[in-house]
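Taking this note's numbering, the leading residue of the sequence shown gets 175, the next gets one more, and so forth. Heads up: the structure comes next, in structure tokens.
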Amino acid sequence: MFATKPGVRFVRPVVKSIGRNQILSCRSIPSCHYSTGAGGQGGKANHFLPLTLLGVAAVGLTYYNMNNNTKPPTPSIDPTSSTIQGSPLFPSEKYPEAINVVFVLGGPGSGKGTQCSKLVKDYKFVHLSAGDLLRKEKSTPGSEFGDLIDHYIKEGLIVPQEITIQLLKNAIVEQYDKGNRKFLVDGFPRKMDQALSFEKTVSEGKLVLYFQCPEEVMLQRLLNRGKTSGRSDDNLESIKKRFTTFIQTSMPVVEYFDDQHKVVKVDCNEPVDDVYNHVVSQFKEKNII
Ligand SMILES: Nc1ncnc2c1ncn2[C@@H]1O[C@H](COP(=O)(O)OP(=O)(O)O)[C@@H](O)[C@H]1O
Ligand SMILES: O=c1ccn([C@@H]2O[C@H](COP(=O)(O)OP(=O)(O)O)[C@@H](O)[C@H]2O)c(=O)[nH]1
Numbered sequence: 175m176f177a178t179k180p181g182v183r184f185v186r187p188v189v190k191s192i193g194r195n196q197i198l199s200c201r202s203i204p205s206c207h208y209s210t211g212a213g214g215q216g217g218k219a220n221h222f223l224p225l226t227l228l229g230v231a232a233v234g235l236t237y238y239n240m241n242n243n244t245k246p247p248t249p250s251i252d253p254t255s256s257t258i259q260g261s262p263l264f265p266s267e268k269y270p271e272a273i274n275v276v277f278v279l280g281g282p283g284s285g286k287g288t289q290c291s292k293l294v295k296d297y298k299f300v301h302l303s304a305g306d307l308l309r310k311e312k313s314t315p316g317s318e319f320g321d322l323i324d325h326y327i328k329e330g331l332i333v334p335q336e337i338t339i340q341l342l343k344n345a346i347v348e349q350y351d352k353g354n355r356k357f358l359v360d361g362f363p364r365k366m367d368q369a370l371s372f373e374k375t376v377s378e379g380k381l382v383l384y385f386q387c388p389e390e391v392m393l394q395r396l397l398n399r400g401k402t403s404g405r406s407d408d409n410l411e412s413i414k415k416r417f418t419t420f421i422q423t424s425m426p427v428v429e430y431f432d433d434q435h436k437v438v439k440v441d442c443n444e445p446v447d448d449v450y451n452h453v454v455s456q457f458k459e460k461n462i463i
């Protein structure tokens with residue numbers, strides 16, 4: 175049912191219909207519309223075709239796997255081998271000013287959200303948590319990717335990049351239009367394909383703030399958070415899976431940026447205010463604040 179007929183003329187990408195408020199709509203993306211085959215619009219860019227096919231493949235396979243509980247959902251196309259094509263949105267003709275993006279990484283429960291809140295209060299950053307954006311999209315009535323997101327989060331897996339990147343893009347554009355230029359992008363990129371695509375199509379990351387944290391500390395914090403968070407992944411089973419994903423999939427991203435000398439490492443295993451003091455002094459040293 176997800177097959178695409180050759181020659182079909184696309185007037186909108188799949189992502190456009192996601193969510194009641196079209197959160198994942200491609201409004202903000204120039205050259206969003208495209209066509210294929212006979213009757214297509216000649217020279218129009220075809221940027222969304224691979225993206226759409228990948229998205230459709232991921233959704234189809236996920237639904238299949240959710241109904242056949244024998245194996246985890248794995249996209250039929252290896253996402254690490256495909257990156258979204260395009261040029262950065264910031265700066266560009268439409269959005270002439272560059273934005274400052276700091277990626278905030280660290281294992282689940284390392285304190286990313288806690289420290290971001292403090293930075294927002296003191297230094298007027300916009301805090302965009304990829305996990306929060308996904309949870310919001312998941313609970314948006316009518317979201318066609320709600321079940322898929324739910325499944326990936328419970329399993330501690332990384333949601334296909336085009337969904338998360340589109341959510342981030344929309345949120346950043348909204349904030350840019352309000353005059354904001356400084357962003358803490360929390361819990362993203364968690365996978366190499368996301369890192370490459372985001373920097374190619376949205377903006378480069380100026381710095382990565384990485385919280386080093388022993389697993390045992392994160393485990394205790396997450397179990398504690400789980401008593402009140404209401405999150406479907408703050409339980410022992412999901413936490414173990416998230417740790418595995420973090421080590422196997424997300425640490426290579428930290429290493430990738432570390433090779434570019436963009437990573438500042440902060441020990442998470444101190445009281446909140448002490449961790450924050452380290453963060454602030456590192457940011458000052460790097461001229462981020
Ligand atoms: N330095 C710290 N010491 C003790 N508890 C902390 C510290 N930082 C965060 N926490 C607590 O640990 C839990 C996870 O923190 P959070 O900021 O939500 O992590 P993350 O965003 O990395 O998942 C929360 O309940 C938070 O209150
Ligand atoms: O770029 C992202 C960020 C988050 N997630 C999913 O959202 C979950 C929760 O992420 P969040 O950053 O909210 O929580 P953390 O695990 O850091 O506590 C992750 O385990 C992933 O399943 C994702 O797929 N892509």
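Note that CB positions come from ideal geometry on N, CA and C, so glycine has one too. Quantities reported herein were computed from a predicted structural model and do not represent experimental measurements.
| query | result |
| --- | --- |
| Counted within 10 angstroms of its Cβ, other Cβ atoms place Asn344 as buried (16 or more) or exposed | buried |
| Supposed close pair Gln386, Asp441 - CB separation, criterion 8 Å | 6 Å |
| Alpha-carbon spacing of Glu267 relative to Pro388, whole angstroms | 45 Å |
| Check: Gln289 C-beta below 8 Å from any heavy atom of ligand 1 | yes |
| beta-carbon Lys286 near ligand 3 non-hydrogen atom, thresh 8 Å | The ligand content of the structure shown is limited to ligand 1 and ligand 2, which means ligand 3 is not among them. |
| Own chain residues within Cβ distance below 7 Å of Phe420, not counting five before or after | Gly281, Pro282 |
| For Asp360 and Leu279, the rounded distance between their alpha carbons | 7 Å |
| Option nearest Tyr350 by Cα separation, candidates Lys312, Arg364, Val300 | Val300 |
| Exposure label - Leu322; buried when at least 16 CB within 10 Å | buried |
| Pro270 CB to nearest heavy atom of ligand 2 below 8 Å | no |
| Candidates Glu411, Glu390, Pro426, Lys295: closest to Gly368 by CA position | The residue you asked about is not Gly; residue 368 is Gln in the sequence shown. Residue Pro426 is the option with its Cα nearest to Gln368. |
| C-beta neighbour in chain D for Phe457, strict 9 Å | Judged by its chain identifiers, the structure shown contains no chain D, having just a single protein chain. |
| Check: Thr119 C-beta below 8 Å from any heavy atom of ligand 2 | The structure shown does not extend to residue 119, since the chain spans only 175 to 463, so no value can be given for it. |
| Closer than 8 Å: Arg395 CB and nearest ligand 1 heavy atom | yes |
| 3 or more residues per run - each beta strand (DSSP E) lying fully within the region 319-394 | 356-360, 381-386 |
| Pairwise C-alpha distance: Cys290 and Val333 | 22 Å |
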